[in-house]
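A short write-up of the structure that comes next.
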Amino acid sequence: MAYWLIKSEPDAYSFAQMQKDKKTGWTGVRNYQAANNLKAMQLSDVCFFYHSNEGKEIVGTVEVNRTYHPDPTDETGKFGMVEVKNPKAAKTPLTLAAIKDHATLKNMAFVKQSRLSVSPVSAAEAKTILKLCGLA
DNA sequence: GCCAACGTTGGC
DNA sequence: GCCAACGTTGGC
10 MAYWLIKSEP DAYSFAQMQK DKKTGWTGVR NYQAANNLKA MQLSDVCFFY HSNEGKEIVG
70 TVEVNRTYHP DPTDETGKFG MVEVKNPKAA KTPLTLAAIK DHATLKNMAF VKQSRLSVSP
130 VSAAEAKTIL KLCGLA
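Heads up, the first sequence is in the numbering used here, so the first residue is 10 and it goes up one at a time.
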């Protein structure tokens, strides 16, 4: 079981929308590093859902429902997508400020590489986040 | 709205 | 294959 962090601007696709949809195709990734992370996802891996720009906090988790396959919205055919389901809202969203303040979390990949939209999360980081979010 | 970081593009 | 120019992302 691996953990990931996926980012979305709430204006583009929010967690509230995810909760309405129950599951969704994670399309639109156009960055090789992010796409490689999508490729590495296995069924039932857990992804933390982060709101960038507006909110700047982890608002919940989703679960991988379908592994990497071609993204029909990519006309070049270079990039793929996964499908995620089962949104679970954080009881307490975890803000970026809190993450940067936390000894374990401040070294997370997505903090260091702020532009990477899909990034790996270590087991220790995941455990900490789940606890802080009230999802443990 | 600004700006730093950084990925991508295209000329050579 | 290098590198400058450019575009985009995202925090502040």
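Don't be surprised by glycine CBs; every beta carbon is placed ideally from N, CA and C. Since this is a predicted model, take the numbers as computed values, not measurements.
Could you name the residues that DSSP lists as bridge partners for K32?
BP columns for K32 point to K94.
Can you have a look at T101 and say buried or exposed, based on whether 16 or more other CB atoms are within 10 angstroms of its CB?
Counting other Cβ atoms within 10 Å of its Cβ, T101 stays below 16 and is therefore classed as exposed.
Contact set for A44: own chain, Cβ-Cβ below 6 angstroms, skip 5 residues either direction:
If we look at A44 and ignore the five residues flanking it on each side, its Cβ neighbours are V38, F88.
Tell me whether the beta-carbon of A19 lies closer than 9 angstroms to the beta-carbon of H78.
Before going on, a small fix: residue 19 reads as Pro here, not Ala. No, Cβ-Cβ distance for P19 and H78 is not below 9 angstroms.
Are there three or more Cβ pairs, one per stretch, closer than 8 angstroms when the stretch 52–70 is compared with the stretch 16–35?
With a cut-off of 8 angstroms on Cβ pairs, the stretch 52–70 is in contact with the stretch 16–35, counting three or more such pairs.
What's the call for K29, buried or exposed, on a 16-neighbour Cβ count within 10 Å?
Result: exposed.
Distance, A98 Cα to T166 Cα:
Nothing can be reported for residue 166, as the shown portion of the chain is limited to 10 through 145.
Drop a sphere of 10 angstroms on the beta-carbon of L52, count the other beta-carbons inside from all chains shown, and report buried for 16 or more, exposed for fewer.
Under this definition L52 is an exposed residue.
Should M27 and T36 be called a contact, given that it needs their Cβ atoms to be closer than 9 angstroms?
No, Cβ-Cβ distance for M27 and T36 is not below 9 angstroms.
Decide if N46 is buried, meaning its Cβ has at least 16 other Cβ atoms within 10 Å, or exposed.
Buried, because 16 or more other Cβ atoms sit within 10 Å of the Cβ of N46.
Assuming the contact rule is C-beta atoms closer than 8 angstroms, V120 and I15 should be a hit. Round their C-beta distance to whole Å, please.
Wrong, their Cβ atoms sit about 15 angstroms apart, outside the cutoff.
Does the distance from the CB of K48 to the CB of N74 come in under 9 angstroms?
In this structure, K48 sits away from N74, with a CB-CB distance that is not shorter than 9 angstroms.
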